Amino acid sequence: YDWDVANEPYSEKDIMAILGNEVMADWFKRTRQNDRDVKLYLNDYGILSGGGINKAKQDYYYNLVQYIDDLGGGVDGIGFQSH
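If you read the sequence shown in this note's numbering, its first letter stands for residue -14, the second for the next number, and so on.
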């Protein structure tokens, strides 16, 4: 099984503007503490669609995964419009 720990943090920025990105690392850590075997994902749309032309979104997710991992969050993958 997997959990979509953070859904569309790039496309739907309002909650992240209030809470800050560091809270996502905490969400990943807390989820992992409750189930060590589950896969943990970020999820968004439009990352690779259109031939992968949205470089800003790709860079955002590359940096966000690094950031969360550096804080001990442990991102297992990125869902591309994952359900």
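Beta carbons are placed, not taken as given, at the ideal position from N, Cα and C, and that holds for glycine.
Computed from a predicted model, the values in this text were never measured in an experiment.
The C-alpha of A41 lies about 17 Å from the C-alpha of N(-8). Pairwise C-beta distances place the segment -2 to 18 in contact with the segment 44 to 57, as three or more of them are shorter than 8 Å.
Residue ranges of uninterrupted beta strand (DSSP E) with 3 or more members, entirely inside the segment -13 to 21 and ordered along the chain, are -13 to -8.
When the beta-carbon positions are compared, Y(-5) and Y46 come within less than 9 Å of each other. Listed in chain order, the non-local C-beta contacts of R21 below 6 Å within the same chain number zero, local neighbours out to five positions each way being set aside. The C-beta of G58 has 16 or more other C-beta atoms within 10 Å across all chains shown, which makes the residue buried.
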